[in-house]
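Colleague:
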Amino acid sequence: MQNMHEKKCFCDGEKLVAIISEAASAGISLQADRRIPNQRRRVHLTLELPWSADKAIQQLGRSHRSNQSSAPEYKFLISSVGGEKRFACAVARRLESLGALTQGDRRATVGAKGLGLQSFNFDTKWGRQALATLMRVVVRAANSPFTLPTLPKDEKDELMQAFSKDGTIFSGGGADPELSVGIDASLDTEKKASVGVFLNRLLGLTLVRQNLIFDYFSKLVDHHVRVARREGKYDEAIAEVKGHRVEITDETVLQAETSTRGELVHLNVEVDRGIPWDEALAVLASATEDAAHEKAAKEAQAQHRGRNAFTDMRSLRGRAEVAGFYRSNIPNPATKKHYVALAIVGKTYTAGDTSGTIRVYRPNTGISQMQKVDLLQRYGKIDAADVKKEWKALYDNGDKHCSHGPKCKHGAKCQVGKRTQQKHVLQGSLLVSMRKAEAIIQKRTGNAIRLGVCRVVETDDAGKSVLGIDLPTCYCQNVMDELQEEDM
1 MQNMHEKKCF CDGEKLVAII SEAASAGISL QADRRIPNQR RRVHLTLELP WSADKAIQQL
61 GRSHRSNQSS APEYKFLISS VGGEKRFACA VARRLESLGA LTQGDRRATV GAKGLGLQSF
121 NFDTKWGRQA LATLMRVVVR AANSPFTLPT LPKDEKDELM QAFSKDGTIF SGGGADPELS
181 VGIDASLDTE KKASVGVFLN RLLGLTLVRQ NLIFDYFSKL VDHHVRVARR EGKYDEAIAE
241 VKGHRVEITD ETVLQAETST RGELVHLNVE VDRGIPWDEA LAVLASATED AAHEKAAKEA
301 QAQHRGRNAF TDMRSLRGRA EVAGFYRSNI PNPATKKHYV ALAIVGKTYT AGDTSGTIRV
361 YRPNTGISQM QKVDLLQRYG KIDAADVKKE WKALYDNGDK HCSHGPKCKH GAKCQVGKRT
421 QQKHVLQGSL LVSMRKAEAI IQKRTGNAIR LGVCRVVETD DAGKSVLGID LPTCYCQNVM
481 DELQEEDM
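Numbered by UniProt numbering, the letters in the sequence shown go through residues 1 to 488 in order.
Here it is in structure tokens:
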């Protein structure tokens, strides 16, 4: 009865603060309900995340329910203890799944991103890559992409009694304590594949060890994510329509909403994939900075481990030598102009990596990949000052004509090499519309084709985000005509 009385006081506005616990909050609704006097926006402070993600969601649901005048603002208090991130990780992953189940999108507002927990979900593709890198660094099967963290000054004297050298928690001296709680850095990949198990094992270590290992792990995650973003590989589950500018210019209703089906809409999306000169300089500066950090880390490791250190500075020097601006040796025969590009080594070097893939940035066509041998055969390196004028000219004139020149037989319809591309997207019931579109295209061509799901995120401040079916331009009109006829 006391709990119900306190709830009534809060809902009536007599009290503006409600303290809820796991035991007392079951069945109590504290949202800004339209039917109660107190409709102020709720600010929900979580002082301690529960060990179970489901329990956390139940508690968050006390202030986030239907018929509310405004959604609550969540604030989470999470300490700097490395092991506690395990609870935040579990909640973040569960909330992302909840967004996918309830709104068809794990990045919906109800998910981890909307609650500010997205950065705590380490059980991802990039988290698993970071964990594998951490284990390889521990057993010296790979070099760290950056300098290893040093011991805190206030704890150094205490830790030096247990370790013979500074930093041995990462280089062998700390193996026994980690093994005692189940953190196995052996090369058996099956034992080290689970991020959840790794975070659970951290709870068995002392706070200093937890923070050292987790800080390094989180930096590795950030490193892998940063490299993936630079290479355009981040978040590949659903293909995202990417460009310097993305705008939905037209919407056409192909099928109206009925009691048995949802509305089907055709979206015309304009994508500017060009790369301005200033952005190209920023990409080169970021890659140069990463290479400098990696070089410093390798030199520090070589100095610490001696002459027999497991390093390959030649490969690192090769990486730095490739990065820069290039001009094609032979001009385009149609336009009589040379191609220009910015080349960045596409893969972060690790020991044993022999990949020759290069990321190529062009002013009019955006980002693509090229083998190193092809780049060096077709292009010559050039200073930034010498290529600036050509880069800006190709960017500014990227929409005037295609790569085939002004005499192209397809005229203005040809989009090859143009900076601005027109894409066509079907928005609505994805599964139903995908099957229909594939059947229409197969009937026209006689060949089976698989369409993909894409995400369109407008780049302006008020831009919206939609999911849809990516339609090939050559079949778009056929699909639209048949779907409209079906609606008649």
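All residues carry an ideal CB built from backbone N, CA and C; glycine is no exception.
Since we're looking at a predicted model, the values are computed, not measured.
Using CA atoms only, rank isn't needed, just tell me which of V479, L430, D215, A239 is closest to V81.
Modeller: Position 81 of the sequence shown holds residue 81. Looking at the Cα atoms, D215 is the closest of the given residues.
Colleague: Can you list, in chain order, the residues of its chain with a C-beta nearer than 7 Å to that of L47? Leave out the 5 residues immediately preceding and following it.
Modeller: Locating residue 47 in the sequence shown gives position 47, where the first residue counts as 1. Contacts found: L77.
Colleague: Would a C-beta distance cut-off of 8 Å place R273 and G204 closer than the cut-off?
Modeller: The count along the sequence shown starts at 1 and reaches residue 273 at position 273. The count along the sequence shown starts at 1 and reaches residue 204 at position 204. No, these two residues do not count as a Cβ contact at 8 Å.
Colleague: Any contact between the region 450-457 and the region 468-485? By contact I mean 3 or more CB pairs, one from each, below 8 Å.
Modeller: Output reads yes: the region 468-485 touches the region 450-457.
Colleague: Residue ranges of each beta strand (DSSP E) run of no fewer than 3 residues wholly in the region 345-427, ordered along the chain?
Modeller: Qualifying beta strand (DSSP E) stretches, in chain order: 357-362, 366-371, 379-382, 420-427.
Colleague: Buried or exposed, going by whether 16 or more other CB atoms sit within 10 Å of the CB of R40?
Modeller: For the purposes of this step, residue 40 is identified with residue 40 of the sequence shown, where counting begins at 1. Per the 10 Å Cβ criterion, exposed.
Colleague: Check whether the Cβ of T445 sits closer than 7 Å to any heavy atom of the ligand COA, and report yes or no.
Modeller: This structure simply doesn't include the ligand COA, nor any ligand for that matter.
Colleague: Exposed or buried, V360, counting other C-beta atoms within 10 Å across all chains shown (16 or more means buried)?
Modeller: What you label residue 360 is simply residue 360 of the sequence shown in a count that begins at 1. Counting Cβ neighbours within 10 Å, V360 comes out buried, since at least 16 surround it.
Colleague: Does the region 397-409 come close enough to the region 331-338 that 3 or more CB-CB pairs lie under 8 Å?
Modeller: Enough Cβ pairs lie closer than 8 Å, so yes.
Colleague: What residue ranges within the region 437-471 form continuous beta strand (DSSP E) runs of no fewer than 3 residues, ordered along the chain?
Modeller: You should have 453-457, 465-471.
Colleague: Does the distance from the CB of W277 to the CB of K392 come in under 8 Å?
Modeller: The residue labelled residue 277 in the question sits at position 277 within the sequence shown. The residue labelled residue 392 in the question sits at position 392 within the sequence shown. Yes, they are a contact pair.
Colleague: Can you give the beta carbon distance from L264 to L426, rounded, assuming they're within the 8 Å contact cut?
Modeller: Here residue 264 corresponds to residue number 264 of the sequence shown, with the count starting at 1. Here residue 426 corresponds to residue number 426 of the sequence shown, with the count starting at 1. Right, their Cβ atoms sit about 7 Å apart.
Colleague: Using DSSP with H/G/I as helix, E/B as strand and the rest coil, what is V43?
Modeller: The residue you call residue 43 lines up with position 43 of the sequence shown. It is a strand residue.
Colleague: Roughly how many angstroms lie between the CA atoms of I213 and L207, to the nearest whole one?
Modeller: As a first step, residue 213 must be located in the sequence shown, where it is residue number 213. As a first step, residue 207 must be located in the sequence shown, where it is residue number 207. Going by the C-alpha atoms only, they are around 10 Å apart.
Colleague: Can you tell which of E240, L267, R261, G262 has its C-alpha closest to the C-alpha of T249?
Modeller: Here residue 249 refers to the residue found at position 249 when the sequence shown is read from its first residue. Nearest option by C-alpha distance: L267.
Colleague: Taking the C-alpha atoms as reference points, what is the distance between A343 and L281?
Modeller: Here residue 343 refers to the residue found at position 343 of the sequence shown. Here residue 281 refers to the residue found at position 281 of the sequence shown. Looking at the two C-alpha atoms, the distance is approximately 11 Å.
Colleague: Spatial neighbours of I358 within its chain, please: CB distance less than 8 Å, with the 5 preceding and 5 following residues excluded, ordered by chain position.
Modeller: Locating residue 358 in the sequence shown gives position 358, where the first residue counts as 1. Once the five neighbours on either side are set aside, the close Cβ partners of I358 are V322, A343, I344, V345, G346, Q369, M370, Q371, K372, L375.
Colleague: Provide the residue span of the alpha helix (DSSP H) that contains E6, from first to last.
Modeller: As a working mapping, residue 6 is identified with position 6 in the sequence shown. Here the alpha helix (DSSP H) through E6 covers 2-12.
Colleague: Give me the Cβ distance between F146 and H293, rounded to the nearest whole Å; I'm assuming they're in contact under 8 Å.
Modeller: As a working note, residue 146 is residue 146 in the sequence shown. As a working note, residue 293 is residue 293 in the sequence shown. At roughly 5 Å, the Cβ-Cβ gap stays under 8 Å, so F146 and H293 are in contact.
Colleague: Would I440 and E485 qualify as a contact pair, given that the criterion is a beta-carbon distance under 8 Å?
Modeller: Mapped onto the sequence shown, residue 440 falls at position 440. Mapped onto the sequence shown, residue 485 falls at position 485. Their beta carbons are not under 8 Å apart, which means I440 does not touch E485 by this criterion.
Colleague: Among V139, L16, V253, whose alpha-carbon lies nearest the alpha-carbon of V479?
Modeller: As a position in the sequence shown, residue 479 is number 479, starting the count at 1. It is V253 whose Cα lies nearest to the Cα of V479.
Colleague: Confirm, please, whether the CB-CB distance from I20 to R62 is below 8 Å.
Modeller: The sequence position of residue 62 within the sequence shown is 62, counting from 1. The sequence position of residue 20 within the sequence shown is 20, counting from 1. Against a cut-off of 8 Å, the Cβ pair of I20 and R62 comes out as a contact.
Colleague: Nearest CA to the CA of H224: which residue from R209, T288, T133, A341?
Modeller: Translated into the one-based positions of the sequence shown, residue 224 becomes position 224. Per the Cα distances, T133.
Colleague: State the DSSP-derived secondary structure class of E73, mapped to helix, strand or coil.
Modeller: Along the sequence shown, read from residue 1 onward, the residue named residue 73 stands at position 73. Residue state, collapsed to three classes: strand.
Colleague: If we count the other Cβ atoms within 10 Å of its Cβ and call it buried at 16 or more, is M135 buried or exposed?
Modeller: Locating residue 135 in the sequence shown gives position 135, counting from the first residue. M135 should be labelled buried.
Colleague: Determine the contact status of A130 and V221, defining contact as a CB-CB distance below 8 Å.
Modeller: Numbered from its first residue, the sequence shown carries residue 130 at position 130. Numbered from its first residue, the sequence shown carries residue 221 at position 221. For A130 and V221, yes; Cβs fall inside 8 Å.
Colleague: Name the two residues that bound the continuous alpha helix (DSSP H) containing A132.
Modeller: Counted from its first residue, the sequence shown places residue 132 at position 132. Note, A132: alpha helix (DSSP H), 125-138.
Colleague: Run through DSSP, which three-state label would R307 get?
Modeller: Here residue 307 corresponds to residue number 307 of the sequence shown, with the count starting at 1. Low per-residue confidence applies at R307: pLDDT is 46, beneath 50, and the placement is therefore not dependable enough to give any value.
Colleague: Could you check where the beta strand (DSSP E) with R327 kicks off and where it finishes?
Modeller: The residue labelled residue 327 in the question sits at position 327 within the sequence shown. From DSSP, the beta strand (DSSP E) with R327 extends over 324-328.
Colleague: Would V195 and D123 qualify as a contact pair, given that the criterion is a beta-carbon distance under 8 Å?
Modeller: Taking the sequence shown and counting its residues from 1, one reaches residue 195 at position 195. Taking the sequence shown and counting its residues from 1, one reaches residue 123 at position 123. Yes, these two residues count as a Cβ contact at 8 Å.
Colleague: Is it the case that the Cβ atoms of T459 and R245 are separated by a distance below 8 Å?
Modeller: Counting from 1 along the sequence shown, the entry for residue 459 is found at position 459. Counting from 1 along the sequence shown, the entry for residue 245 is found at position 245. Contact: yes.
Colleague: Going by beta carbon distance, what residues of the same chain come within less than 6 Å of S70, once the five residues before and after it are set aside?
Modeller: Taking the sequence shown and counting its residues from 1, the one referred to as residue 70 is at position 70. A32, R41, listed in sequence order.
Colleague: Less than 6 Å between C-beta atoms, sequence neighbours within five positions excluded: which residues of the same chain meet that for K7?
Modeller: The residue you call residue 7 lines up with position 7 of the sequence shown. I28.
Colleague: According to the Cβ coordinates, are V271 and K400 closer than 8 Å?
Modeller: The residue you call residue 271 lines up with position 271 of the sequence shown. The residue you call residue 400 lines up with position 400 of the sequence shown. Contact: no.
Colleague: By DSSP's criteria, R245 is part of a beta bridge. Which residues make up the other side?
Modeller: Numbered from its first residue, the sequence shown carries residue 245 at position 245. According to DSSP, R245 bridges with D272.
Colleague: How many Å lie between N397 and Q68 at the Cα?
Modeller: Mapped onto the sequence shown, residue 397 falls at position 397. Mapped onto the sequence shown, residue 68 falls at position 68. Using only the alpha carbons, I get a separation of about 52 Å.
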